[in-house]
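The opening residue of the sequence shown carries number 35 in this note's numbering; numbering runs sequentially from there. By construction, the Cβ of each residue, glycine as well, lies at the ideal position given by its N, Cα and C atoms. The structure under discussion appears below in the form of structure tokens.
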Amino acid sequence: MNNQLIDTWQIHNRILFYLLDAVKPEALTGVPQGMKGRSVAQLFAHIHNVRLLWLEAATPELMSDVRKIPMKTKAERDAIDLDTLRTALRASNHAMEALLADGFERGRVKNFKPHAAAFFGYMLAHEWYHVGEICMTLTQAGHRLDDSVLYGIWEWGAR
Numbered sequence: 035m036n037n038q039l040i041d042t043w044q045i046h047n048r049i050l051f052y053l054l055d056a057v058k059p060e061a062l063t064g065v066p067q068g069m070k071g072r073s074v075a076q077l078f079a080h081i082h083n084v085r086l087l088w089l090e091a092a093t094p095e096l097m098s099d100v101r102k103i104p105m106k107t108k109a110e111r112d113a114i115d116l117d118t119l120r121t122a123l124r125a126s127n128h129a130m131e132a133l134l135a136d137g138f139e140r141g142r143v144k145n146f147k148p149h150a151a152a153f154f155g156y157m158l159a160h161e162w163y164h165v166g167e168i169c170m171t172l173t174q175a176g177h178r179l180d181d182s183v184l185y186g187i188w189e190w191g192a193r
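Following this line, the structure appears as structure tokens:
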């Protein structure tokens, strides 16, 4: 079962990159309309940075090749580009995969209750919440994704 869960994490990440690859550079600055919210770039960066929060709490030794995407200042937020996101998400994906494998083997993830499978579900739920938010924000900002992408993110058997 653990191999299937790791495979599911890998599928999820391939789909996250499928989505990221469909975003045009000029769409990264898109923000939700009628409310405060993060830009598309900031949402992808947030996914990466939350992974790092959990890596730091559970397995800090896995963070040697992973760096946070800074977002405190406007200049830092404006500097987030597709290459930055790809590099960061690739690194945090590999570290999270190792964290999950270790957690499944031990039956728990340090500093998370109740168990490793729940942590896995928590991470997927968090990231897919933001996938929906990214798709909504792109549409509201005038950068609607092609239907092939919007349907393609649900093709887990093909990705």
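Consult DSSP for residue i and reduce its assignment to one of helix, strand or coil.
i    : result
H177 : coil
F146 : coil
R66  : It is Pro, not Arg, that sits at residue 66 in the sequence shown. Reduced to three states, the DSSP call for P66 is coil.
W88  : helix
E189 : coil
V57  : coil
T200 : Missing from the structure shown is residue 200; the chain here goes from 35 to 193 and no further.
D115 : coil
M35  : coil
M105 : coil
R140 : helix
D41  : helix
V250 : What is shown of the chain runs 35 to 193, which leaves residue 250 out entirely.
G71  : coil
Do residue i and residue j have their C-beta atoms closer together than 8 Å?
i    : j    : result
K102 : L77  : no
H177 : H80  : no
L123 : H160 : no
I114 : L54  : no
V84  : A125 : no
A132 : L158 : no
A175 : G64  : yes
Take the Cβ of residue i as the centre, count every other Cβ of all protein chains shown within 10 Å, and call the residue buried at 16 or more, exposed below.
i    : result
S73  : buried
N145 : exposed
M130 : buried
Kindly list the residues whose CB is nearer than 8 Å to the CB of residue i, restricted to its own chain and excluding five residues on each side of it in sequence; keep chain order.
i    : result
G141 : H149 and A150
A152 : F146
Output yes if chain D places a C-beta closer than 8 Å to the C-beta of residue i; else output no.
i    : result
A125 : Checking the listed chains, one finds no chain D in this structure; it contains a single protein chain.
For residue i, which residues of its own chain have a beta-carbon under 7 Å away from its beta-carbon, when the five flanking residues on both sides are left out?
i    : result
L179 : A56, C169 and L172
R193 : I45, R48, I49 and Y52
Checklist entry - How do the segment 36 to 44 and the segment 175 to 186 stand: do at least 3 beta-carbon pairs fall below 8 Å, yes or no? => result Flag = no, the segment 36 to 44 and the segment 175 to 186 do not touch.
Checklist entry - Are three or more beta carbon pairs between the segment 62 to 72 and the segment 156 to 174 nearer than 8 Å? => result yes
Checklist entry - At a cut of 8 Å, does the segment 42 to 52 reach the segment 82 to 99 through at least three beta carbon pairs? => result Per the Cβ contact rule, the segment 42 to 52 is not in contact with the segment 82 to 99 (fewer than 3 Cβ pairs under 8 Å).
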